[in-house]
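For reference, the structure is listed below as structure tokens.
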Amino acid sequence: MEGCMLCPRRCGADRAAGQRGFCGADDTVHVARAALHKWEEPCLSGTRGAGTVFFSHCTLGCVYCQNRAISGRQGGGVPVDEARLAAIFLDLQRQGAHNIDLVTPGHYAPHIARALGRAKADGLQIPVVYNCGGYEALETLRLLDGLVDVYLPDFKYYSSYYAARYSGADDYFEVASDAVAEMVRQAGAPVFDREGLLVRGVLVRHLMLPGLAGDTAQVLRHLAGRFGDRILVSLMRQYTPFGMERDYPELNRTLTEREYADAVEIFQDLGLAGYLQEGEAIGESFIPTWDGTGTAPSC
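The number in our numbering is simply the position in the sequence shown, starting from 1, with 192 added.
If you want it as structure tokens, here you go:
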């Protein structure tokens, strides 16, 4: 935490002294919500839900982020120490979660690694999912080797122009590609249990953005060419515009049926395995309430 280098931005913030990094986080873990969540891919949500732990702040800052209320520098959340974080994991297991789903965790990776070690020693047995934006430092991912069972990264862009314009990270493609390779090295090919739940492997998400069909095609071709059947791919159409009118008018609409159908055709022609998304997944109703649910000790 002294001179933070946990993400590819390597901002060097002295988080141990209370300084906030580019992500907005200091040395205290902040959790916005910890609860069963049924809106992940079917192989993660199952029948009871994933045990999602939504962490505040983020290393990317995408202009269209649906979790913007907690992902920015001013993102709130409840401060928790590592003992409490381990207890949250165990509580989600007791509630019947199919897995522990760590959402946007990279800037807290050392805290999470210690909390997972503690929870596993105390009986945590369900798979651990690392749910991230794909913009991950290799050294940080290696801190989690042996602790994470399933990696769930985004792969947002092929073009450095779009990556810079919408996420402030012109090196996104190179970083995400190498990060996924490290995830595959750690987790291996997808493994499912008898109930069809993913218990090991890498599931890469790509959220389509309006007007970026060509970029989506390049992303899908790259994933198929570099990783093939060693990964699953989730082609997502849930993009919902929030206040894009002034600064990003080109993003001020949802996808058309044609845009998604064309991408699905490419997905299938490439022989990718994974998940497609129904049109009903569009809208604000899929955004959780950031009220600190699940962060307080249970009675």
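Cβ coordinates follow ideal geometry from the N, Cα and C atoms, glycine included.
All of these numbers come straight from a predicted model, not from anything done at the bench.
Check                                                                                                                                                            : Outcome
Where in the stretch 312 to 387 do unbroken runs of the beta strand (DSSP E), each at least 3 residues long, occur, reported from the N-terminal end onward?     : 320 to 324 and 342 to 345
Cutting at 6 Å between CB atoms, please list the residues of its own chain near residue 394, excluding the five before and the five after it.                    : 343, 375, 376, 379 and 423
Residue 209: which of 200, 389, 322 and 220 sits nearest, CA to CA?                                                                                              : 220
Distance, Cα to Cα, residue 362 vs residue 460?                                                                                                                  : 29 Å
Can you tell which of 453, 316 and 436 has its C-alpha closest to the C-alpha of residue 283?                                                                    : 316
To which residues of the same chain is residue 193 closer than 7 Å at the C-beta, ignoring the five residues directly before and after it?                       : 207, 208 and 219
Rounded to whole angstroms, how far is the Cβ of residue 268 from the Cβ of residue 262, which I believe are closer than 8 Å?                                    : 6 Å
Looking only at C-alpha atoms, which of 336, 289 and 256 sits nearest to residue 318?                                                                            : 289
Here's the rule: buried if 16 or more other CB atoms are within 10 angstroms of the residue's CB, otherwise exposed. What is residue 271?                        : exposed
Which residue from 436, 416 and 307 puts its Cα closest to that of residue 276?                                                                                  : 307
Check whether the stretch 408 to 416 touches the stretch 480 to 488, taking contact to mean three or more Cβ pairs, one atom from each stretch, closer than 8 Å. : no
If the criterion is Cβ atoms closer than 8 Å, does the pair residue 500 and residue 364 meet it?                                                                 : Residue 500 is absent from the model: the chain starts at 193 and stops at 491.
Indicate whether residue 238 and residue 228 have their beta-carbon atoms separated by less than 8 Å.                                                            : no
Given a threshold of 16 other Cβ atoms within 10 Å of its Cβ, counted over all protein chains shown, does residue 313 qualify as buried or as exposed?           : exposed
If I follow the unbroken beta strand (DSSP E) through residue 293, where does it start and stop?                                                                 : 292 to 295
In the DSSP assignment, find the alpha helix (DSSP H) that holds residue 414 and state where it starts and stops.                                                : 405 to 419
Please tell me whether residue 370 and residue 323 are closer than 8 Å, where the distance is taken between their beta carbons.                                  : no
Spatial neighbours of residue 491 within its chain, please: C-beta separation below 7 Å, excluding the five flanking residues on both sides.                     : Residue placement at residue 491 is flagged as unreliable, the pLDDT there being 43, under the threshold of 50; a coordinate-derived value is accordingly withheld.
Would DSSP call residue 249 helix, strand or coil?                                                                                                               : coil
Nearest to residue 333 by CA position, among 305, 356, 468 and 352, is which residue?                                                                            : 305
Would you verify that the beta carbon of residue 230 is, or is not, closer than 8 Å to some beta carbon of chain D?                                              : The chain inventory of the structure shown lacks chain D, comprising one protein chain alone.
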